[in-house]
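Trainee: Sharing a structure, written as C-alpha cells. Questions coming.
In mature numbering (1 follows the signal peptide of the UniProt record, and there is no 0), the protein residues as written are -21 to -1, 1 to 145.
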C-alpha cells in the first residue's frame, strides 16, 4: 500500500512539475528527480546550488522496509558528494544516523558510473552502479549493493530501476 501511495505521489509530481519546471541556463543539475527500482524508490530535490535533500524507501528481504531521509552536498561539481541522513524502521535495531561519500564520473555516451559508501550507527552500506541517460530526463540504473548491519546477516545483490529528472 505504501509503495502504491509513493508511486501515485511520484506520478502526480512528475505530471504537475513538467508544466511548472523552469530550466535554469548553465545549471543542469536543478529540479526534482525520482526513481523506482526493484526494491526501492526515491524522490529528491535541489534546495540550494550545492545541496540536495531527499527521501528513499527501501524494502529489505530480511529487515523489512526502511525509510531514509537524506542530504547530499556537492564538493566537486556533482562528482564528489558528502552524504548524510537518518534511517528508521530498522527491524531489530534502533534508528540510525549515517554519513558517507559518493563519487561519480562525468557522463560518457550517456553512461555514468558511480559508487557510494555510508556508515551508520548500526550499519554500513556500499553501492556501485551505472546510470544511463535514455532521453528527455528519463534514465536507467543498474547497481550492486551490500548492506551490512551490525546485528544480522549481510544483504547484497543486483538492482535495477528507472529514474526521471525534471
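By construction, the Cβ of each residue, glycine as well, lies at the ideal position given by its N, Cα and C atoms. Just so it is clear, the structure is predicted and the values come from calculations on it, not from any experiment.
Buried or exposed: which applies to residue 31, given that a residue is buried once 16 or more other Cβ atoms fall within 10 Å of its Cβ?
Mentor: Numbered from 1 along the chain shown, position 52 holds the residue referred to as residue 31. The residue is buried, with at least 16 neighbouring Cβ atoms inside 10 Å.
Trainee: Give me the DSSP bridge partner(s) of residue 43.
Mentor: Along the chain shown, read from residue 1 onward, the residue named residue 43 stands at position 64. DSSP, once it has assigned bridges, lists 39 as partnering residue 43.
Trainee: From the DSSP output, in three-state form, read off residue 84 for me.
Mentor: Start at 1 with the first residue of the chain shown, and residue 84 comes out as number 105. In this structure, residue 84 counts as coil in the three-state DSSP scheme.
Trainee: Tell me whether residue 30 sits in a helix, a strand or coil according to DSSP, three-state version.
Mentor: Within the chain shown, the letter at position 51 stands for residue 30. Of the three classes helix, strand and coil, the one that applies to residue 30 here is strand, per DSSP.
Trainee: What's the C-alpha gap between residue 129 and residue 58?
Mentor: Along the chain shown, one-based indexing puts residue 129 at 150. Along the chain shown, one-based indexing puts residue 58 at 79. Their Cα atoms are separated by approximately 29 Å.
Trainee: Tell me the start and end of each unbroken alpha helix (DSSP H) in the segment 87 to 119 that is at least 4 residues and wholly inside, in chain order.
Mentor: Complete alpha helix (DSSP H) runs here, min 4: none at all.
Trainee: When you compare only the Cα positions, how much space is there between residue 113 and residue 29?
Mentor: Taking the first residue of the chain shown as position 1, residue 113 is located at position 134. Taking the first residue of the chain shown as position 1, residue 29 is located at position 50. Roughly 25 Å separates the two Cα atoms.
Trainee: When you compare only the Cα positions, how much space is there between residue 53 and residue 27?
Mentor: Indexing the chain shown from 1 puts residue 53 at position 74. Indexing the chain shown from 1 puts residue 27 at position 48. Those two C-alpha atoms are separated by around 10 Å.
Trainee: Taking the alpha-carbon of residue 145 as reference, which of 124, 75, 25 and 18 has the nearest alpha-carbon?
Mentor: Residue mapping note: residue 145 aligns to position 166 of the chain shown, counting from 1. Per the Cα distances, 25.
Trainee: From this set, 78, 102, 107 and 48, which residue's C-alpha is nearest residue 92's C-alpha?
Mentor: Working through the chain shown from its first residue, we reach residue 92 at position 113. Ranking the options by Cα distance to residue 92, first place goes to 107.
Trainee: Under a Cβ-count criterion, where at least 16 other Cβ atoms within 10 Å of its own Cβ denotes burial, should residue 132 be classed as buried or exposed?
Mentor: Looking up residue 132 in the chain shown gives position 153. Exposed, because fewer than 16 other Cβ atoms sit within 10 Å of the Cβ of residue 132.
Trainee: Cβ of residue 38 within 7 Å of Cβ of residue 18?
Mentor: Position 59 of the chain shown, counted from the first residue, corresponds to residue 38. Position 39 of the chain shown, counted from the first residue, corresponds to residue 18. Contact: yes.
Trainee: Ordered along the chain, which non-local residues of its own chain (more than five positions away) have a Cβ less than 6 Å from that of residue 126?
Mentor: In the chain shown, counting from the first residue as 1, residue 126 sits at position 147. Here the set comprises 104 and 134.
Trainee: Specify the secondary structure class of residue 136 as computed by DSSP and reduced to three states.
Mentor: Here residue 136 refers to the residue found at position 157 of the chain shown. It is a strand residue.
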